[in-house]
Amino acid sequence: MAYRTTERGQQRRDAMRGRILAAARQLFATRGYEATTMQQVVEAAGTSIGNLYFYFPNKDAILAALGEEVNGEIGQAIGEAAAHVPPGLAQLAVGIYVSARAVLARGGLARLMLEETMHRELRAACQNYQTARVLRFFESHPELCRGNAPELLTEAWLGAANRVLDRVVAGQLAGEPECIARFLSRWNLQALGLPQAEVEAALTQLDRIPPACWLDTDERGAPCDR
Numbered sequence: 017m018a019y020r021t022t023e024r025g026q027q028r029r030d031a032m033r034g035r036i037l038a039a040a041r042q043l044f045a046t047r048g049y050e051a052t053t054m055q056q057v058v059e060a061a062g063t064s065i066g067n068l069y070f071y072f073p074n075k076d077a078i079l080a081a082l083g084e085e086v087n088g089e090i091g092q093a094i095g096e097a098a099a100h101v102p103p104g105l106a107q108l109a110v111g112i113y114v115s116a117r118a119v120l121a122r123g124g125l126a127r128l129m130l131e132e133t134m135h136r137e138l139r140a141a142c143q144n145y146q147t148a149r150v151l152r153f154f155e156s157h158p159e160l161c162r163g164n165a166p167e168l169l170t171e172a173w174l175g176a177a178n179r180v181l182d183r184v185v186a187g188q189l190a191g192e193p194e195c196i197a198r199f200l201s202r203w204n205l206q207a208l209g210l211p212q213a214e215v216e217a218a219l220t221q222l223d224r225i226p227p228a229c230w231l232d233t234d235e236r237g238a239p240c241d242r
């Protein structure tokens with residue numbers, strides 16, 4: 017007889033997989049990926065080594081799953097924040113702002129996702145996810161491209177933001193998350209060559225975004241001059 021998965025059984029498996037990912041996420045962020053062992057994940061998740069390998073064949077698979085999870089969280093945060101502002105340029109400003117705040121709020125885990133030399137497959141997956149989202153936006157708002165190819169604009173848009181976030185997360189560039197996110201929003205909007213009045217109007221919409229859209233903790237960034 018073929019094995020049939022019941023709804024309750026699937027819920028239990030989903031819950032256990034979630035526990036494993038939550039445990040690994042905390043360990044990777046605090047101890048580092050290389051220093052964390054599978055046994056430590058087992059102990060933190062309150063399961064067995066055999067059960068862990070049922071869900072994930074190795075540590076890289078856990079990291080890849082966490083990358084998908086964080087991408088989903090940030091994408092959801094951007095979508096929720098964009099619902100608070102008018103469509104078009106304001107949503108573009110909100111997208112870069114919330115994305116930057118969300119990445120910086122995740123500290124150690126963001127360091128793994130942005131690192132250049134290690135975990136290249138994870139970094140590539142994260143970049144591909146970002147590229148697809150931004151490209152869809154530009155393709156659906158050709159008036160913001162001002163004659164530029166959406167593909168080229170997407171790469172330039174993300175390149176500037178990712179370069180800054182890379183260095184901040186690596187501790188090579190100082191700045192409060194609020195200031196960095198607002199700077200990137202302004203910089204990227206100005207790069208589109210739009211009238212300054214339109215840029216300023218879009219940036220005022222950032223004040224409508226609730227902090228819950230980018231934080232998964234109770235931490236708050238320090239205020240900065242606007």
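Numbered according to my numbering, the sequence shown terminates at residue 242, and the numbering increases by one at each position without gaps.
C-beta atoms are modelled at their ideal positions from N, C-alpha and C, and glycine is treated no differently.
The region 140–167 contains no complete alpha helix (DSSP H) run of 4 or more residues. Each of 35, 209, 83, 175 was checked against the Cα of residue 67, and the nearest Cα belongs to 35. Contact between residue 218 and residue 205 holds: CB atoms are separated by about 6 Å, below the 8 Å threshold. Annotation: the continuous alpha helix (DSSP H) that includes residue 195 extends over 193–207. The alpha-carbon of residue 158 is positioned some 34 Å away from that of residue 81. Going by DSSP, residue 46 is part of the alpha helix (DSSP H) stretching over 23–47.
For residue 83, the enclosing alpha helix (DSSP H) stretches over residues 75–98. Counting along the chain, residue 110 sits inside the alpha helix (DSSP H) bounded by residues 105–121. In the structure shown, residue 72 adopts coil according to DSSP, grouped into three states. Annotation for residue 212: the continuous alpha helix (DSSP H) segment containing it runs 212–219. Approximately 11 Å separates the beta-carbon atoms of residue 44 and residue 53; this is outside 8 Å, ruling out the contact.
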